[in-house]
Structures are given as C-alpha cells and as structure tokens.
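Taking it in order: structure first as structure tokens, then the write-up.
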Amino acid sequence: VVSAEGVQVGVGELLNPKEEAVLVATIAEWEAKTSGEIVIHIAKKLSSKDGMKDAYFWFEKLGITKTKNRNGVLLFIAARDHFVAILGDVGIHSKVEPDFWNQKIHLLIEAFKSNDKLIGLCRTVESIGAVLAQHFPLESNESNPNELDNALSKSHEGH
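Every number in my numbering is 11 more than the matching position in the sequence shown, counting from 1.
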C-alpha cells in the first residue's frame with residue numbers, strides 16, 4: 012500500500028441517495044475506460060485519532076490490493092471527523108507524479124469548503140479515472156471485469 016495523503020476537511024452530511032447514484036454512475040463511467048478500480052468508503056467517524064490507519068484498514072478490507080494490475084484507488088472519508096484520504100495501490104502509484112495524490116486531496120478540500128461535495132467527488136473520480144485510463148487503458152477486444160463493487164462502501168466507524 013502506497014501513496015497516502017490524509018487531511019481534515021468539513022464534509023458534514025455527505026450525500027443523499029440521488030447524489031450517491033450520480034457518484035456511482037461516475038465511477039462506472041470511468042472504470043469502463045480502464046482496468047483500474049475506484050472505491051469510495053464513507054465512515055461516519057474514525058475509530059481512532061489516526062485517520063490514515065482507518066484508511067489503510069479499508070484499503071485492505073475492500074480488496075483493493077487484490078486487483079489484477081494492482082491499480083485500485085480508495086477515497087476514504089470520515090464525515091464527522093472531517094477526514095479525507097486517498098490511497099493508490101502500487102500499480103497506479105508507480106505511474107503518477109509524487110504530488111498527484113495531494114492534488115486530488117486539494118480538489119476535494121476546495122469542493123467541500125464551498126459545499127460542492129458531489130461536484131468535488133465526481134471531479135476527483137474523473138481525474139483519477141483519466142489517469143487510470145491513460146496508464147491502464149482497455150484494448151478494444153479486452154474484457155473488463157468489475158473487480159470491485161462500484162457502490163459506495165459505508166461503515167459506522169473507521170473500522
């Protein structure tokens with residue numbers, strides 16, 4: 012597990028069901044262009060004061076390290092604790108610039124600050140999806156099994 016960047020931001024009540032559906036559709040749209048996987052986990056709160064520990068826990072628990080090309084990405088959000096982290100597995104992390112994950116976190120922070128959570132999450136998914144498609148494109152005859160569920164993963168605590 013590599014490429015972790017965590018930060019505290021105000022996310023409040025995150026998304027309503029309609030917004031969740033839009034976000035899941037955005038994930039599916041971008042995953043259709045790549046063998047990469049994008050997973051979002053939303054915890055109501057952290058299980059400890061170490062948000063990165065919780066993010067790593069879900070990174071493993073959700074099977075992101077088990078994708079064929081090790082090109083999965085986790086967006087981890089602990090809503091009540093105002094914490095966001097992005098974790099990229101070794102396949103994608105080795106292909107991006109060192110500051111890539113910080114840029115995605117910054118994109119989320121700005122959206123959350125202006126109360127544009129859905130827009131920020133969708134833009135982050137689009138940005139990560141574009142990089143996954145660039146480095147892990149699908150060949151025209153290649154099948155693309157959905158290795159990880161696109162639905163948002165949720166928990167009461169970080170783990």
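Virtual Cβ for every residue (Gly too), placed ideally from N, Cα, C.
Report the start-end ranges of each alpha helix (DSSP H) in the stretch 88-121 that is 4 residues or longer and not cut off at the edges. 101-104
Are the beta-carbon atoms belonging to Leu159 and Gly62 less than 8 Å from one another? As a working mapping, residue 159 is identified with position 148 in the sequence shown. As a working mapping, residue 62 is identified with position 51 in the sequence shown. It is not a contact, given that the beta carbons lie outside the stated cut-off.
Among Ala54, Val101, Gly102, which one has its Cα closest to the Cα of Phe94? Taking the first residue of the sequence shown as 1, we reach residue 94 at position 83. Checked all of Ala54, Val101, Gly102; the closest Cα to Phe94 is Ala54.
Given Ala144, which residues of its chain have a CB within under 6 Å of its CB, disregarding the five upstream and five downstream residues? On the sequence shown, position 133 is the one that residue 144 refers to. Lys44, Thr45.
What's the gap between the Cα of Pro156 and the Cα of Leu149? Working through the sequence shown from its first residue, we reach residue 156 at position 145. Working through the sequence shown from its first residue, we reach residue 149 at position 138. Going by the C-alpha atoms only, they are around 11 Å apart.
Helix, strand or coil for Lys77, going by three-state DSSP, please let me know. As a first step, residue 77 is located in the sequence shown; it is residue number 66 there, counting from the start. Helix, per DSSP.
Report yes or no: do the stretch 58-78 and the stretch 31-44 share at least 3 C-beta pairs separated by less than 8 Å? no
Could you tell me if His167 is buried or exposed, where buried requires 16 or more neighbouring beta carbons within 10 angstroms of its beta carbon? Start at 1 with the first residue of the sequence shown, and residue 167 comes out as number 156. Classification of His167: exposed, given that the 10 Å Cβ count is below 16.
Excluding the 5 residues flanking Gly102 on each side, which residues of the same chain have their C-beta closer than 6 Å to its C-beta? Within the sequence shown, the letter at position 91 stands for residue 102. Excluding residues within five positions, the ones whose Cβ falls inside 6 Å are Asn80, Arg81, Asn82.
Which residue from Val142, Leu132, Ile130, Ser125 puts its Cα closest to that of Glu108? What you label residue 108 is simply residue 97 of the sequence shown in a count that begins at 1. Residue Val142 is the option with its Cα nearest to Glu108.
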